[in-house]
Amino acid sequence: MNDYTQQLQGKKDYLKTLFAGLDVPEWEVYESPDKHYRMRAEFRIWHEGGEMFYAMFEKGQKASGASLIRCDRFDAASEAVNCLMPELIAVAAQSAELRNHWYAVEFLSTLSGEMLVTMIYHKRLDDEWMKAAQALQQQLDISVIGRSRGRK
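Quick note on numbering that gives the first Met the number 0: the sequence shown kicks off at 0 and runs consecutively.
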């Protein structure tokens, strides 16, 4: 039984307990695909030596190297997100403006193929960053939002 199947069964069991004792009709449950069902995903950007990669952390653990989970793919995310992940990080790695102090990224894909990427930084975003982000948008055919310390 995979994670999705376990989660779905857990939800069904939980709902049955909520409705226990009530006269309700039999349910119909429609399963989603077990891969590529999420249209959005969020990752930390981990910088280690000269390398940069997407990361998540073990549930309930502080964000640190000890709880780090490297994510080169994220099967729960849409195919569009998975295809963009290696391209985005490779292009961003070539630009000091995009790479330096990049802290996190949020992907939002649509069924029509559009992609919004929010890049979150621990630095102020200046005109040089804007130029680099515009070039990134054109090169990868995506929309980019830059966020820094509460500014957009």
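Note that CB positions come from ideal geometry on N, CA and C, so glycine has one too.
Close beta carbons around residue 36, own chain, < 7 Å, minus the five adjacent residues each side
75
How many angstroms separate the CA atom of residue 13 from the CA atom of residue 4?
14 Å
Just to confirm the assignment, what range does the alpha helix (DSSP H) spanning residue 37 have?
Run containing residue 37: none; DSSP gives neither H nor E here.
Is the beta carbon of residue 141 sitting closer than 8 Å to the one on residue 103?
no
Straight-line gap, residue 15 to residue 130 (C-alpha atoms, nearest Å):
54 Å
Whole angstroms is fine: what's the gap from residue 11's alpha carbon to residue 136's?
42 Å
So, helix, strand or coil for residue 147, using DSSP?
strand
Per-residue DSSP class, three states only, for residue 98
helix
First through last residue of the beta strand (DSSP E) which encompasses residue 153:
This structure cannot settle anything about residue 153, because the visible part of the chain is limited to 0 through 151.
Alpha-carbon to alpha-carbon, residue 115 and residue 88
15 Å
Residue 23 by DSSP, collapsed to three states: which one?
coil
Would you mind working out which of 28, 97, 109, 111 sits nearest residue 51, comparing C-alpha positions?
97
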